[in-house]
């Protein structure tokens, strides 16, 4: 988001301005996200994928006579 007073953009997720971050990616309607928030989002997606891709536990049944 662009600050009307300073003219600087800031991350819409964490609020840091463009001078406080390594990279600031701007999208439509002046929406912006910084490199740090992208990494947090990436880690979240990786964790969610790991949980989704885990195999389901195998059910075992007791055998008679043992």
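Numbering (our numbering), first residue to last: 21 to 86.
Ideal Cβ placement from N, Cα and C applies to all residues, glycine included.
Once you ignore the five residues that flank residue i on each side, which residues in its own chain have a CB closer than 6 Å to its CB?
i	result
residue 50	21 and 22
What residues are listed by DSSP as bridge partners for residue i?
i	result
residue 37	30
residue 46	52
residue 22	29
In or out: residue i buried (at least 16 other Cβ within 10 Å) or exposed?
i	result
residue 68	exposed
residue 78	exposed
Cα-Cα, which of the options is closest to residue i?
i	options	result
residue 39	45, 76, 47 and 29	29
residue 52	70, 79 and 36	36
residue 54	48, 79, 44 and 26	44
Which same chain residues end up closer than 7 Å to residue i when comparing Cβ atoms and leaving out the 5 residues on each side of it in sequence?
i	result
residue 57	31, 33 and 34
residue 46	29 and 52
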